[in-house]
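Protein chains in written order, with the working numbering: chain A, -16 to 437; chain B, 306 to 755. C-beta: ideal position from N, C-alpha, C; glycine also. Nothing here was measured: the structure is a model prediction, and the numbers come from that model. Input: a single structure, listed below in structure tokens.
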Amino acid sequence: MDHNPNVINKLSSHISKDEQFPNCLYLFGHKSTGKSVCLQKFLKDSEDWLCSVVIQAAVCYKSQILYETVINKFFNHKLSRDNNYESYAKIDTVENFLKYLNALDPAKSFLIAIENAERLRDMEFNILPILTKLQEFTGLNISCVLVSHIAFSKFDLSPMIKIHVPDFSKADLIAIFSNDYESLQEEIIADIHKSLFNEIEQNQQLEIVKSLDQEFYKNYLSIFLNVFYKVTRDLSELQLLANKCYKSYYAPVLRREIKVNDVTNLWRNITKLLKTTLNSSSLRIQNLSASEFDGKQVNEDSSGERKKNLRTFAQTLELPFFAKYLLIASFLASHNDAKFDKRLFMKHHGKERKRQQKAKVSEKLNIQFGPKSFTIDRLLAIFYAILDEKVGLTCNLLAQISTLVDLNFLTFSSGENNIMEGTAKLQSTIGLDFAINIGRVVGFNVRQYLTDFH
Amino acid sequence: MKNIENIRKFLKERLQQDTTTLYGYENERNQVIDLLARAANGESNSALLVGPRKCGKTTLVNSAILRLLQRESFVTNTSIISLNGLVHIDDRSALKSITSQMNLNREVEGKVFNSFSENLSFLLSCLKKGAKNQGLIFIIEEFDLFCAHHNQTLLYNLFDVAQSAQTPICVLGLTQRLDVMELLEKRVKSRFSHRQIFLLQENNFNDYLEIFKKLLKLPKPYEFDEWKSQKMSLEFSETNVTKLPFLRRIFDPTSFNFHKNSITEWNKSIKKLCGDEKMVKSLESFFHFDSSIASLKLLMFQFISKLSICNYEKLRSSDLIKLIERVKEDDKVTLITGLSVLEVCLLIAIKHHCDIYDNDPFNFEIIFTRFDKFSVKSTSMQNISRETILRCFENLRHLELIAPVGIEGKVQKEYQMYKSLIFASQIDDAVHKYQNLPTEVEQWAKSSLI
Ligand SMILES: Nc1ncnc2c1ncn2[C@@H]1O[C@H](COP(=O)(O)OP(=O)(O)OP(=O)(O)O)[C@@H](O)[C@H]1O
Ligand SMILES: [Mg+2]
Chain A
-16 MDHNPNVINK
-6 LSSHISKDEQ
4 FPNCLYLFGH
14 KSTGKSVCLQ
24 KFLKDSEDWL
34 CSVVIQAAVC
44 YKSQILYETV
54 INKFFNHKLS
64 RDNNYESYAK
74 IDTVENFLKY
84 LNALDPAKSF
94 LIAIENAERL
104 RDMEFNILPI
114 LTKLQEFTGL
124 NISCVLVSHI
134 AFSKFDLSPM
144 IKIHVPDFSK
154 ADLIAIFSND
164 YESLQEEIIA
174 DIHKSLFNEI
184 EQNQQLEIVK
194 SLDQEFYKNY
204 LSIFLNVFYK
214 VTRDLSELQL
224 LANKCYKSYY
234 APVLRREIKV
244 NDVTNLWRNI
254 TKLLKTTLNS
264 SSLRIQNLSA
274 SEFDGKQVNE
284 DSSGERKKNL
294 RTFAQTLELP
304 FFAKYLLIAS
314 FLASHNDAKF
324 DKRLFMKHHG
334 KERKRQQKAK
344 VSEKLNIQFG
354 PKSFTIDRLL
364 AIFYAILDEK
374 VGLTCNLLAQ
384 ISTLVDLNFL
394 TFSSGENNIM
404 EGTAKLQSTI
414 GLDFAINIGR
424 VVGFNVRQYL
434 TDFH
Chain B
306 MKNIENIRKF
316 LKERLQQDTT
326 TLYGYENERN
336 QVIDLLARAA
346 NGESNSALLV
356 GPRKCGKTTL
366 VNSAILRLLQ
376 RESFVTNTSI
386 ISLNGLVHID
396 DRSALKSITS
406 QMNLNREVEG
416 KVFNSFSENL
426 SFLLSCLKKG
436 AKNQGLIFII
446 EEFDLFCAHH
456 NQTLLYNLFD
466 VAQSAQTPIC
476 VLGLTQRLDV
486 MELLEKRVKS
496 RFSHRQIFLL
506 QENNFNDYLE
516 IFKKLLKLPK
526 PYEFDEWKSQ
536 KMSLEFSETN
546 VTKLPFLRRI
556 FDPTSFNFHK
566 NSITEWNKSI
576 KKLCGDEKMV
586 KSLESFFHFD
596 SSIASLKLLM
606 FQFISKLSIC
616 NYEKLRSSDL
626 IKLIERVKED
636 DKVTLITGLS
646 VLEVCLLIAI
656 KHHCDIYDND
666 PFNFEIIFTR
676 FDKFSVKSTS
686 MQNISRETIL
696 RCFENLRHLE
706 LIAPVGIEGK
716 VQKEYQMYKS
726 LIFASQIDDA
736 VHKYQNLPTE
746 VEQWAKSSLI
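Written out as structure tokens, the structure reads:
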């Protein structure tokens, strides 16, 4: 991955050979902006005059690990079979830690870098303040670089020099991703060799691959970023996705359906796919591989696409008829106040008082505050109320409830083992859109039964 | 070494290592010198030096001690023991450190003490036997932290000895807690002299600018000579006084060799630099932003680091102006301008929510609903999956721009309530600075009406 020369210059102008170091530096920026890469590069470049150690704060579940890692490194003590994997010394207090630092050669210079430094806030109270004052405590030319992704004010520390690692612009990203070009080309060629096409077809495709030049790839990247850059600026995430979707960009070219230089059609073809990818699921757990899209007719590009996906899922969900009603009943139980049950479900519930239309209602809805738990009794009561048929098979229904729990449509909030006693409490985990769609399948209007919409 | 490299090295070293030169606080320093000097005469006393973080407490004490070390009577008649609340986290470790700082490890070996005070008085009696009338000075850094030790035993015993004047000891505590007296237990408080020295002096910009110049200029040849004589007097004292931490790395300008001409030339360039009105204005704005000398030194360290070895041999006022602008920037705003447009949109939704509901907590569902209303009418932010939006929302939490309220994990993550940790003005600021933000988003940031 690329490193930012600006950041490295800044580091090296503050931590330079033969000069006194600042007490402490704060190196911050969003994830995958290359903070660690810059730091590593800098430390590598200066290793012949600077003794440095990089600590992963996440690994230091107790402070002893931090102290000993630093001291081992500074005394050039490597854990091995010969020393029984024991540290240079047992160091479990700050006092001891400073004692060993004080024994170091004062003619040398030292640097301690802490990755995920924000985690140190959860350790002993004195660690961070001491790390920021090591010069005062040891008299060495020593500095500490705190690396983190949060604002400095989140640490309760007195001011120190800050170095910000900026985020990548679109142009930066295109430049960085273009480094992958060669390896991507090789991958395409390897794929063709592995394919089931006959030799003539393979050779023809290989010929086309030659015409997929850097520009072609950059063009793709720019289209790709137009869709995804607004959602995330995380380099590693974008890189993963970009590589995944690339295949669908060049595939029609290999199939000779679109010409290499037919920019408009290439754009049209890929944009639809990208948009579907964007709203089909979360970016990171992107498990629809690009090849699944490849060649398939992509859905019409409509504004209700997100809802449409949900609808198809609800319609194709294979559940017994009663289970679907149970699902709806559980949703209602979770999102309505119990005191309204009567009014909503009893056929003859007496006159409804005309409530004052609350001004807030339109903004603050019950469903926004999450599901509340309910007893099985209440669930069954609602279930019977919304179902017009008479069913008596409570036992079978209980079995279906456990199926819904297994499928994660319901969860226990308490009393998991007491289903039969009736003390168990459940919660619905499905969202409003999904409930509405299930309702549609069985012909039941969910909205009508939600107090939110009265 | 090239001249300019040498200058850069000198300036940095003075900024970082000169821990004994104090600006201002003349009176306070004299009070401390007086207090410590009396210990050499066999008087007991106690005092607290109180001032906000990084205001120069340690520097003041160092400078006072440095002055005293030049008096032979002080050097022969006192021992200094330094303790620090960050290091000595309980009284046992403090006592151990006292023992070893007094070189009494061998004497206590194998001895069993029934109480803390018995142990301490044994140490003091050893001292009596040994030298003539040794006065003992305790410099206690982060004094307030010792107040949290069990029963405040150490403080109680030290103040008790000081008050009863059995052995001449002087206790000087340093703390950033202005309310430190309220932390003392009654029996401890009653033994304390109640002498507090406050470091609350406000700088004025003229003094500040003078310090700025002084720290950029090279000392004149005669000043180098002064340092030299001071250094010699210290070498003589080193054999007698306990090795204090700050004495281990005392700044030594005599190790630098500057040609007379290069000193004049450099100082001339600094004079010219400080004549730049724009720069002085900018420095004044920084002074109003943060007037502490500690922050000035940080700024100057960064400024001097720009003195690049191969390109330019002078400090440039434009560099300082740029630097000041950067240092004044708000980290949170900087971080927000590095977020994706979607994440900025969620922050805007949060801003509107907090505005309308008077900072009521919110959860993902609430923010999502608000965002969704905007998104369906927008041209650039449509069709983003709920999961993706949830992930962005969680990223805001990861960045500590929002924080959960109440117990976590009781509800599904969409319903977990949060509070905002940023001000509306910070979001507005970031929206303003954000590069290529779609106009519709910018407009939505201004008004919650869509
Ligand atoms: N009046 C001053 N004269 C000279 N230098 C000062 C002065 N005030 C602050 N400084 C500088 O600010 C920095 C912090 O000073 P110092 O460590 O003495 O403060 P402190 O009050 O002891 O801090 P802490 O609260 O961390 O103990 C040092 O670099 C010091 O040189
Ligand atoms: Mg201090």
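- Nearest Cα to residue 608/B within the set 443/B, 622/B, 657/B and 392/B: 622/B.
- For a Cβ distance threshold of 8 Å, residue set 5, 142, 143 and 144 of chain A lies close to residue 603/B, ordered along the chain.
- Taking each of 315/A, 5/A, 222/A and 78/A in turn and checking the Cα distance to residue 162/A, the smallest one comes out for 222/A.
- By the rule that beta-carbons nearer than 8 Å mark a contact, residue 716/B touches chain A.
- The beta-carbon of residue 95/A is placed no less than 8 Å from the nearest beta-carbon of chain B.
- Under the three-state reduction of DSSP output, residue 63/A falls in the coil class, being neither helix nor strand.
- In this structure, DSSP gives residue 629/B a helical state, which the three-state scheme calls helix.
- When only Cα atoms are considered, residue 330/B and residue 506/B end up about 7 Å apart.
- Inclusion of residue 479/B in the 7 Å shell around ligand 2 follows from its C-beta lying nearer than that to a non-hydrogen atom of the ligand.
- Among the residues facing chain B, residue 352/A is included, as its CB has a counterpart in that chain under 8 Å away.
- For residue 58/A, the CB contacts under 8 Å within the same chain, skipping 5 residues up- and downstream, are 71, 83 and 87 in chain order.
- Look at residue 693/B: its C-beta is under 8 Å from a C-beta on chain A.
- Listed along the chain, the chain A residues whose CB falls inside 7 Å of the CB of residue 573/B amount to none; the nearest CB is some 24 Å away.
- Under the three-state reduction of DSSP output, residue 98/A falls in the strand class.
- Taking a Cβ-Cβ cut-off of 8 Å, residue 558/B has no neighbours in chain A, whose nearest Cβ is about 13 Å from it.
- Contact between residue 35/A and residue 49/A does not hold, since their C-beta atoms are separated by about 15 Å, which reaches or exceeds 8 Å.
- By the Cβ neighbour-count rule, residue 495/B is exposed, with fewer than 16 other Cβ atoms within 10 Å of its own.
- Within chain B, no C-beta atom comes less than 9 Å from the C-beta of residue 102/A; the nearest is roughly 12 Å away.
- Around the beta carbon of residue 4/A, a 10 Å sphere encloses 16 or more other beta carbons of the protein chains shown; the residue is thus reported as buried.
- Where residue 409/A is concerned, the enclosing beta strand (DSSP E) starts and stops at 408 to 411.
- A direct Cα-Cα distance of roughly 10 Å separates residue 562/B from residue 312/B.
- Contacts between residue 120/A and chain B, judged by CB atoms closer than 9 Å, involve 389, 391, 392 and 550 in chain order.
- Assignment of residue 454/B by DSSP, reduced to helix, strand and coil, places it in the coil class.
- Under the Cβ criterion of 8 Å, residue 212/A is counted among the residues facing chain B.
- CA-to-CA, the gap between residue 431/B and residue 351/B works out to about 22 Å.
- Proximity of chain B to residue -4/A at the Cβ level (cut-off 8 Å) is accounted for by 610, 611 and 613, in chain order.
- Setting aside the 5 residues that flank it on each side, residue 316/B is surrounded in the same chain by 609, each with a C-beta closer than 6 Å to its C-beta; the list follows chain order.
- Taking a contact to require three or more Cβ pairs closer than 8 Å, the region 738 to 754 of chain B and the region 650 to 660 of chain B qualify as touching.
- Chain B places a beta carbon closer than 8 Å to that of residue 136/A, counting this residue as a contact.
- Residue 593/B is classed as exposed because its beta carbon has fewer than 16 other beta carbons within 10 Å across all chains shown.
- With a threshold of 8 Å between beta carbons, residue 216/A makes contact with chain B.
- Taking non-hydrogen atoms of ligand 1 into account, the C-beta of residue 83/A is found less than 7 Å away from none of them.
- Residues of the region 459 to 488 of chain B that bring their beta carbon within less than 9 Å of a beta carbon in chain A are absent altogether.
- In terms of Cβ geometry, residue 355/B and residue 502/B form a close pair [threshold 8 Å].
- Residue side-chain check: residue 522/B keeps its Cβ at 7 Å or more from all non-hydrogen atoms of ligand 1.
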